[in-house]
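Counted from 1, the sequence shown has number 23 at position 24 by numbering that gives the first Met the number 0; the numbering is strictly sequential.
Just so it is clear, CB atoms sit at the ideal spot from N, CA and C, and this is done for glycine as well.
Below is one structure; the comments refer to it alone.
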Amino acid sequence: MRTSNRKGVLSYCFSVLFTGWLLICAVNTAIAAKTPERLADFAALKGEVFTVNRVGKGNKVWSKGVELKLFEISITSQEGPTEQFNVRFKGPKNASLDKAVYLFEQVKTGSFSLFIEPLKSDSKNTYYQATFNLLKKNIKNE
């Protein structure tokens, strides 16, 4: 085998191995990321910062990312068949977001869509809320 052929074969093998490694990393990241769906999921993320983007038609991101910190979770009701709670975020005052659906991205969760609405502003921050009214899992038919 010529030297140039060896280099080509080695280069090809390296690229295949590297591509495989990237694929494994991507799959592991996708598996590790858990989209929050319940009260307990959001409670585990309290204090975390999310990059938030506005998503347009065809899932195209059309705004510059804004960082929002999940700072509070308030339980409205746990009675009956529903789980009702509010998740509150705070972000910079100079990057005000309208009431809309946004794409939230974070290492632990991956990306997910969430409807938020502004609550109030102070001298430093704007505060937002997402409201949940979910059926509890594993409800037996009575």
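Discussion item. Buried or exposed for F114, going by 16 or more other Cβ atoms inside 10 Å?
Written reply: Mapped onto the sequence shown, residue 114 falls at position 115. F114 is exposed by the Cβ-count criterion.
Discussion item. Given a cut-off of 7 Å on the beta-carbon distance, is the pair F84 and F131 in contact?
Written reply: Counting from 1 along the sequence shown, the entry for residue 84 is found at position 85. Counting from 1 along the sequence shown, the entry for residue 131 is found at position 132. Cβ atoms of F84 and F131: closer than 7 Å.
Discussion item. Helix, strand or coil, according to DSSP, for A42 in the structure here?
Written reply: If you number the sequence shown from 1, residue 42 lands on position 43. Residue state, collapsed to three classes: helix.
Worksheet item: Between which two residues does the beta strand (DSSP E) carrying Q128 extend?
Response: Looking up residue 128 in the sequence shown gives position 129. Q128 -> beta strand (DSSP E) spans 124 to 134.
Practice prompt. For my contact list, T108 and P35 are in at a C-beta cut-off of 8 Å; report their separation, rounded to the angstrom.
Written response: Stepping through the sequence shown from its first residue, residue 108 is reached at position 109. Stepping through the sequence shown from its first residue, residue 35 is reached at position 36. At roughly 6 Å, the Cβ-Cβ gap stays under 8 Å, so T108 and P35 are in contact.
Item to complete: Taking all protein chains shown into account, decide if R90 is buried (16 or more other Cβ within 10 angstroms of its Cβ) or exposed.
Response: Taking the sequence shown and counting its residues from 1, one reaches residue 90 at position 91. One point to set straight first is that residue 90 is Gly, not Arg, in the sequence displayed. With 16 or more other Cβ atoms within 10 Å, it is buried.
Discussion item. Under 6 Å: does the beta carbon of D121 sit that close to some heavy atom of the ligand MN?
Written reply: This structure lacks the ligand MN; in fact it carries no ligand of any kind.
Worksheet item: Short check: CB of K45 to CB of L67, under 7 Å?
Response: As a working note, residue 45 is residue 46 in the sequence shown. As a working note, residue 67 is residue 68 in the sequence shown. Not a contact, by the Cβ cut-off of 7 Å.
Worksheet item: Which word fits K100, buried or exposed, when buried means at least 16 other C-beta atoms lie within 10 angstroms of its C-beta?
Response: Locating residue 100 in the sequence shown gives position 101, counting from the first residue. For clarity, residue 100 is Val in the given sequence; the question names Lys instead. Exposed.
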